[in-house]
Structures are given as structure tokens and as C-alpha cells.
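Remember, this note's numbering sits 42 above the position in the sequence shown when you count from 1. Every residue, glycine too, gets a C-beta built ideally from N, C-alpha and C.
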Amino acid sequence: MSTLTKILIVLLTLSSIFLCGIVVTYVATADNFKQQNKIFKTRLDAAKENEKSAKRQLNENIIKNQRLEDKLKNEIASLKGEFAKLQAKLDEVEREKAGLLQKVNSWTSITKDFYQTTDKQGQLLKNTLEELNRVQAEQIKQRKELNETTAAFVEKMAIIKTLEAERKRLLEEKSELQSRLDQLLLPVGQVAAAPVPVTPKKDTARPAMPGAKDIALQGLVKKVDLKNSMASISIGSADGVKEGMKFHVTRGDKFLCDILIIDVDAEEAVGVLELVQQQPKVGDSVSTNM
């Protein structure tokens, strides 16, 4: 065997050993890459499934809240209609009351000098007074219904605000989930669909209630309705109280709450409790100035 042949055999043997090493290394690397790719694919599929479930739940919650919000808006519209009807009835009762009071004054003046000799006029006066009492009772009933409707309206508005806050929170969670999905998809060159922008709902402008004039009025808490967050005070329109005035309730030197006046009678006024730090009681002091 020649030297050249031996050299070729040695080179062939070395080449075979080198090729075997390359093949073994490639096979090991391929198996490792397949295993890692399988693990990553499993994680990616799980993340996609979680994202789909979260989106589905989020959309269901948004639809549910929207339906509840629409229902509450319809109820509020109905309450506004009832409120307007009650206000119209109250105005009509006020007119009847004024007319009856005028009749009472007229009959009182006429019968002042002839009461002992005119039974008919006395009976008419009695009937008029009974009618006046009936109208006053109806007025009290209408005022109570108006106060209940006002309290229900305030409660519904509070629920609407709560739903708006919940809707905003759900949209923020949806945006956060979208960002997390984008971060998971970036390593494999995928990009999640961009979230649909949501136009924030604008609040309806409401006219501000007129503030109390710079006058010093003082009185006492007459009645307290904690269930509807309302109270009445011992002074009324005869003392200068008007709708929209705000009274501060105190006990000694301690501030308890404010009362925003919504209905005024001659010797009494009713309002809604605001800035409540402690529940007021009958006999607590009220004033327009602290």
C-alpha cells in the first residue's frame, strides 16, 4: 500500500469522524429548538385564550351596564314627567288656595256685621273653610309626593354616575389587556389589533342653583328624614327664606351639615342634606352664616 493511499485513508477517517460530530450536534440542537418552540407555542396559545375570555367577559359587562344605564335613563325620564305633573298640580292647588283664602277674607268681612242674623252666610263661610282645609290637605299630600319624587330623582342620578365610573374602569382594563397581549406577541413578530378608541361621554350642563343672599337668617331644625336625606326648618318665606338658599346646621360650635332649600312655605322650609359630617337632630341650630 502506497503512502498516498494511507494518507487518503487517514483523511477519509478524520472526515467521517468530523461529519458524525456535526450530525450529532445538529440533531441535538434541532431537538432542543423543537422543545423550546413547543413550550413557547403552548404559552402563546394559553395567552390568546385568556385574552379572548377576558375580552368576551369585558364586552358582556359593558353591554349589561349599558342596558342598565338605558333602563335608568328611561325611569329618570318618567320621573321627570311625573315631577312636572305634580308641580303643575301643586301650582293649581296654590291657585285654588289663594282663591279660597280670598273668598274666606271676603266672606269674613261681609259676615262680620251680620253674622248673628244671617245663618246662610255663616253656612257658606263654614263650607268655604271646609273646602280650604281639604285643599290644604291635598297640598300637603302633593308636596309629600313631590319630595319623594325629588329624592328618587337624586338617587337615580347617583346610580348613573356610579355606572359611568364602572364603565370607565372596564375600558381601562380592556386597554391594559391589549397592552399585555402586544408584549406577548412581539417576540414572534405578531402585532395585536389596535383597540377601538372610545369617545368619552360628555356630561349634560346643568344650571346652577341660585345661592343664598348675604343676609343672616337663623332658625331651628324642625323635622329630619334620614331615609331621604331631607330636613325641614322652623322659618319660611315670611322670614325671607327662598328656594336655593343654603343653611349651615350646627350644634354648639360643631358643624353638622348643610341644608339646600328646595321648597318653601310661609312658616317652614324643606331642603336636602349636603356635606353631612354628623346626622342632624330636631332642635339643632340653622343659619345662613357660620
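{"Check": "Per-residue DSSP class, three states only, for T150", "Outcome": "helix"}
{"Check": "Contact between the segment 159-177 and the segment 98-105 (3+ Cβ pairs under 8 angstroms)", "Outcome": "no"}
{"Check": "Nearest candidate by alpha-carbon position, reference F195, set L114, K127, L132 and T67", "Outcome": "L114"}
{"Check": "Given 8 angstroms, three or more beta-carbon pairs between the segment 165-184 and the segment 193-209", "Outcome": "no"}
{"Check": "Counterpart residues of F297 in DSSP-defined beta bridges", "Outcome": "T292"}
{"Check": "Beta bridge counterpart(s) of S329 as assigned by DSSP", "Outcome": "Q260 and H290"}
{"Check": "Contacts around I201, its chain only, beta-carbon distance under 7 angstroms, and the 5 residues preceding and following it disregarded", "Outcome": "L114"}
{"Check": "Candidates K296, K323, D224 and D300: closest to Y288 by CA position", "Outcome": "The sequence shown places Lys at residue 288, rather than the Tyr named in the question. Selected option, being the one with the closest Cα: D300."}
{"Check": "Which of helix, strand or coil DSSP assigns to I277", "Outcome": "coil"}
{"Check": "Which of helix, strand or coil DSSP assigns to D307", "Outcome": "coil"}
{"Check": "Whole alpha helix (DSSP H) elements within the segment 82-141, 4-residue minimum", "Outcome": "none"}
{"Check": "M272 burial status per 10 Å Cβ neighbour count (16 or more: buried)", "Outcome": "buried"}
{"Check": "With 16 other Cβ atoms within 10 Å as the buried cut-off, status of T330", "Outcome": "buried"}
{"Check": "Those residues which DSSP pairs with D267 across a bridge", "Outcome": "M272"}
{"Check": "Cα-Cα separation between E124 and E117, rounded to whole angstroms", "Outcome": "10 angstroms"}
{"Check": "Within 8 angstroms, strictly: CB atoms of L226 and A89", "Outcome": "yes"}
{"Check": "V312 in three-state terms, based on DSSP", "Outcome": "strand"}
{"Check": "Inter-residue spacing [alpha-carbon to alpha-carbon] between V135 and Q181", "Outcome": "6 angstroms"}
{"Check": "L219 to T67 span [Cα, whole Å]", "Outcome": "41 angstroms"}
{"Check": "CA nearest to the CA of L213, picked from N107, K145, K48 and K264", "Outcome": "N107"}
{"Check": "Beta-carbon proximity list for K323, same chain, < 8 angstroms, skipping 5 on both sides", "Outcome": "V263, V266 and R293"}
{"Check": "Contact check, D307 vs G261, beta carbons under 8 angstroms", "Outcome": "no"}
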